[in-house]
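In my numbering, each residue carries its 1-based index in the sequence shown increased by 486. Following: one structure in structure tokens, then a few remarks.
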Amino acid sequence: MNLDKLETILAGQPAYRAEQARQAVLKSLAENWDEVVGLPKDLRQILEKEIPLKIDAKIFASPGADSLKALVTFGDGLRVESVLMRHDNRNTVCVSSQVGCPMACSFCATGKLGFKRNLTAGEILEQVVLFGRALKRENQRVTNIVFMGMGEPFLNYDNVMAAIRTMNDQKGLNIGARHISISTCGIVEGIEKLIDEPLQVNLAISLHAPSDLLRSKLMPANVKHPIDDIMKAVLRYVKNTNRRVMFEYIMIDNVNDSDECARELAELIKSRLSLKLAFVNLIRYNPTGIYGASSPERVKAFKTVLMEAGVETTERYRFGREIKAACGQLAGDKNQ
Ligand code: SAH
Numbered sequence: 487m488n489l490d491k492l493e494t495i496l497a498g499q500p501a502y503r504a505e506q507a508r509q510a511v512l513k514s515l516a517e518n519w520d521e522v523v524g525l526p527k528d529l530r531q532i533l534e535k536e537i538p539l540k541i542d543a544k545i546f547a548s549p550g551a552d553s554l555k556a557l558v559t560f561g562d563g564l565r566v567e568s569v570l571m572r573h574d575n576r577n578t579v580c581v582s583s584q585v586g587c588p589m590a591c592s593f594c595a596t597g598k599l600g601f602k603r604n605l606t607a608g609e610i611l612e613q614v615v616l617f618g619r620a621l622k623r624e625n626q627r628v629t630n631i632v633f634m635g636m637g638e639p640f641l642n643y644d645n646v647m648a649a650i651r652t653m654n655d656q657k658g659l660n661i662g663a664r665h666i667s668i669s670t671c672g673i674v675e676g677i678e679k680l681i682d683e684p685l686q687v688n689l690a691i692s693l694h695a696p697s698d699l700l701r702s703k704l705m706p707a708n709v710k711h712p713i714d715d716i717m718k719a720v721l722r723y724v725k726n727t728n729r730r731v732m733f734e735y736i737m738i739d740n741v742n743d744s745d746e747c748a749r750e751l752a753e754l755i756k757s758r759l760s761l762k763l764a765f766v767n768l769i770r771y772n773p774t775g776i777y778g779a780s781s782p783e784r785v786k787a788f789k790t791v792l793m794e795a796g797v798e799t800t801e802r803y804r805f806g807r808e809i810k811a812a813c814g815q816l817a818g819d820k821n822q
């Protein structure tokens, strides 16, 4: 499917026809043009030829089926992974924004792949449409989106925002802006641009360390965007939008999980932001090579230090480890 061509192909059509075709793909989630009987046959034939609706993807289910992973192949043969997570009546799609990732975080499987290219808006949407179709068979829909798959969304800002506008469109996928979250390793320009967006999506910062010394070891991007710059941009974001920011923090055994780190993290957040407008999400580390995961006891102790300091702290669900669909395990494996 090449959704990017949709507008060009529909350009010569009357507005209502174009709208009908758009809604067929994004609202009714049609799987081929033949079933869109409201459109004239000759237009359906053109659309079938130019934008076949088939999505080239393999889907893997986890044993408990709380998550599905999809390996999606695009026109040039490159692939990304996307994940559907199901819990508490929510169906959250974790989308990729790039093929590979240039940020090279030392703990992340995607980082090891290197960077291939940005995804187009259509390719980002395709990942949502794919799971939307699967859910429709159960009379359900995609309710939430997180940009936490492969890639750094703020290095592909325009395509990510174009995809978000279409996701949000009430005549299409109709996913509320408040149900859409962008996670960034701290690209300051991206945070600043987001402040001025009319659509107020959620912002998550992958922090993972309370000091530049440790963070730069884990995340090379920290050298260009140190914690101070990120926190200043986040402060502007919360002041302007009055929206809460989530700080993601992977718990890596003996690396960033000491009580001392927790105290430093609490201090960092308290000294910069109003506690009402920030919270920490502790993420269980999914080992991908050199590091190990913190023990549940350590995570609990770390959380206690934060909570006692007044910083709201949650723990992330663990989805899809059996199918290598968990955070940082997305590597577009060709052998699956
Ligand atoms: N580039 C963006 C979005 C992709 S990563 C970002 O950095 O936020 C989505 C989340 O998964 C980030 O918080 C990332 O740091 C985390 N992550 C990466 N590798 C992981 C791993 N092996 N285990 C757990 N979380 C991981």
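For glycine and all other residues, C-beta sits at the position ideal for the given N, C-alpha and C.
Return the CA-CA distance between L659 and M717, expressed in angstroms with no decimal places. 33 Å
Bounding residues of the alpha helix (DSSP H) (the contiguous stretch that carries S757): D745 to R758
Decide if N772 is buried, meaning its Cβ has at least 16 other Cβ atoms within 10 Å, or exposed. buried
Taking C-beta to C-beta, are L693 and Y735 nearer than 8 Å? yes
Got a sec: does the ligand SAH put a non-hydrogen atom nearer than 7 Å to the Cβ of Y771? yes
What are the boundary residues of the alpha helix (DSSP H) that I716 is part of? I713 to T727
Three-state secondary structure assigned by DSSP to L489: helix
Taking all protein chains shown into account, decide if Q822 is buried (16 or more other Cβ within 10 angstroms of its Cβ) or exposed. Any reading at Q822 must be qualified, since the residue scores a pLDDT of 44, below 50, and its modelled position is unreliable; the value itself is stated next. Exposed is the call here.
Count the CB pairs spanning the stretch 773-784 and the stretch 725-735 that are closer than 8 Å, and state whether there are at least three. no
Under the rule that 16 or more other beta-carbon atoms within 10 Å means buried, what is Q584, buried or exposed? buried
Nearest-angstrom Cα distance between A900 and N708? A query on residue 900 cannot be resolved here, the shown segment of the chain reaching from 487 to 822 and no further.
Residue span of the beta strand (DSSP E) that contains S568, given as start and end: R565 to H573
List the whole-angstrom C-beta distance separating D858 from A607, where the pair is believed to meet the contact cut-off of C-beta under 8 Å. As shown, the chain starts at 487 and ends at 822. That puts residue 858 outside it, with no answer to give.
Quick one: any contact between the stretch 677-695 and the stretch 646-659, if contact means 3 or more CB pairs under 8 Å? yes
Report the option in E753, L564, M636 and G561 whose CA atom is closest to the CA atom of I668. M636
My assumption, with CB atoms under 8 Å, is that L828 sits in contact with V522. Please give the rounded CB distance. Beyond the ends of the chain as shown, which are 487 and 822, falls residue 828; an answer cannot be given.
Taking the continuous alpha helix (DSSP H) assigned at A707, which residues delimit it? A707 to K710
Y502 classed as buried or exposed, judged by whether at least 16 other C-beta atoms fall within 10 angstroms: exposed
Between which two residues does the alpha helix (DSSP H) carrying G586 extend? Careful: G586 lies outside any alpha helix (DSSP H), inside the beta strand (DSSP E) at Q584 to G586.
Mapping the DSSP letters down to three states, classify E734 as helix, strand or coil. strand
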